[in-house]
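All remarks here apply to the structure that follows.
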Amino acid sequence: MGIIAKWHLKDIITIAIISVLFGFIFVFSDWLYTLVYSILSPLGLGPFVGEGLFGLWCMGGPIAFMVVRLPGSSLISEILGAFLESGLGGQFGVTALFAGFFQGLGSELGFASFKYKRFDIKSLLLAAVFSTVITFGSALFIHGYIKLKLGMMLALFLTRLCSNLIFSVGLVSLINKLVVRAQLFETRKS
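For the sequence shown, this note's numbering gives the first residue as 143, with consecutive numbering after it.
Shown next as structure tokens:
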């Protein structure tokens, strides 16, 4: 399969289903963020809440790619999921769309590094690293992290990276294995 692949209606429907599912997960994550943030903020740990949950917001794209196996599927899924999150009243509003774009773009760069031909832990790892770096770069300005001391920035970055590795690599890999085993979606052959 080359970089320019032929999309089929079933690919679009599969991405739509994954995006809707994750749109609801993103809204749940927003609620969880609000609850945990209100508990940990008085302790000075508020900034770490979003970073600790970050991987939850990044899972839709990698799962879409692992199932559909087409260039652009990760980006499209993240944007659609973020659009639904925003439309369902997620607390981040339009900012969720920007986040979804950067999350999906980072994942796409990771998968593109292997020319969209690897569907394993290595491709998920690189996708998670790229999405962490790109989204953290945007957070420097969107969330004002650029004003923080270097030690705090590094701690937030490492928390974001660990979260993304746990959710977007570990959990996505597990979910993908279950999806393949249960034959919930027909995955393309490599």
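Backbone N, C-alpha and C fix where the C-beta goes; we use that ideal spot for every residue, glycine too. Treat the numbers as computed from the prediction; the structure is a model and nothing was measured.
Ordered along the chain, which non-local residues of its own chain (more than five positions away) have a Cβ less than 6 angstroms from that of Gly-252? Here residue 252 is taken as the residue at index 110 of the sequence shown, counted from 1. If the five residues before and after Gly-252 are omitted, its C-beta is found closer than 6 angstroms to the C-beta atoms of Leu-268, Ala-269, Phe-272, all from its own chain and listed in chain order.
Verify whether the separation of the beta carbon atoms of Phe-278 and Leu-298 is less than 9 angstroms. Numbered from its first residue, the sequence shown carries residue 278 at position 136. Numbered from its first residue, the sequence shown carries residue 298 at position 156. A contact, by the Cβ cut-off of 9 angstroms.
Residue ranges of each alpha helix (DSSP H) run of no fewer than 4 residues wholly in the region 214-284, ordered along the chain? Unbroken alpha helix (DSSP H) stretches of 4 residues or longer found wholly inside the region 214-284: 215-229, 237-254, 263-284, given in chain order.
Cβ-Cβ distance between Ser-215 and Phe-225 below 9 angstroms: Counted from its first residue, the sequence shown places residue 215 at position 73. Counted from its first residue, the sequence shown places residue 225 at position 83. No.
On the CB-based measure, 16 or more other CB atoms within 10 Å of its CB, does Pro-204 come out buried or exposed? On the sequence shown, residue 204 is found 62 positions in, with the first residue counted as 1. Flag for Pro-204 reads buried.
In the DSSP assignment, the alpha helix (DSSP H) including Ile-288 goes from what residue to what residue? Counted from its first residue, the sequence shown places residue 288 at position 146. Here Ile-288 belongs to no alpha helix (DSSP H), and DSSP marks it neither H nor E.
At least three beta-carbon pairs within less than 8 angstroms, the region 145-161 to the region 176-186: No contact exists between the region 145-161 and the region 176-186.
Is Leu-187 helix, strand or coil by DSSP? If you number the sequence shown from 1, residue 187 lands on position 45. Assigned with DSSP and collapsed to three states, Leu-187 falls in coil, not helix or strand.
Ignore the nearest five residues each way along the sequence and tell me which others in Leu-247's own chain have a CB closer than 7 angstroms to its CB. As a working mapping, residue 247 is identified with position 105 in the sequence shown. Closer than 7 angstroms at Cβ, skipping near neighbours: Leu-217, Ile-276.
Would you decide whether Asp-262 is buried or exposed? Buried here means 16 or more other CB atoms lie within 10 Å of its CB. Counting from 1 along the sequence shown, the entry for residue 262 is found at position 120. Exposed, since its Cβ has fewer than 16 Cβ neighbours within 10 Å.
CB Phe-170 to CB Ser-305, shorter than 9 angstroms? In the sequence shown, residue 170 corresponds to position 28, counting from 1. In the sequence shown, residue 305 corresponds to position 163, counting from 1. No.
Let me know if Leu-236 comes out buried or exposed under the rule of 16 or more other beta-carbons within 10 Å of its beta-carbon. Sequence index remark: in the sequence shown, residue 236 carries index 94 (1-based). It is worth fixing the name first, because residue 236 is Val in this sequence and not Leu. Around the beta-carbon of Val-236, fewer than 16 other beta-carbon atoms lie within 10 Å, marking it exposed.
Close beta carbons around Cys-200, own chain, < 6 angstroms, minus the five adjacent residues each side: Locating residue 200 in the sequence shown gives position 58, where the first residue counts as 1. Beyond the five residues adjoining it in sequence on each side, Cys-200 comes within less than 6 angstroms, by CB distance, of Gln-245, Ser-273, Asn-306, Ser-310 in the same chain, given in chain order.
Can you tell me whether Ser-319 is helix, strand or coil according to DSSP? In the sequence shown, the residue the question calls residue 319 occupies position 177. As written in the sequence, residue 319 is Lys, which differs from the Ser given in the question. In the structure shown, Lys-319 sits in a helix (DSSP, three-state: H, G or I).
Mark Ile-155 as exposed unless 16 or more other C-beta atoms lie within 10 angstroms of its C-beta, in which case mark it buried. In the sequence shown, counting from the first residue as 1, residue 155 sits at position 13. Ile-155 is exposed by the Cβ-count criterion.
What is the DSSP secondary structure of Lys-152, reduced to helix, strand or coil? Position 10 of the sequence shown, counted from the first residue, corresponds to residue 152. In the structure shown, Lys-152 sits in a helix (DSSP, three-state: H, G or I).
Spatial neighbours of Phe-168 in its chain, beta-carbon cut-off 8 angstroms, leaving aside the 5 residues before and after: For this step, residue 168 is matched to residue 26 along the sequence shown. These residues qualify, in order along the chain: Leu-198, Trp-199, Gly-202, Gly-223, Ala-224, Leu-226, Glu-227, Gly-232, Ala-238.
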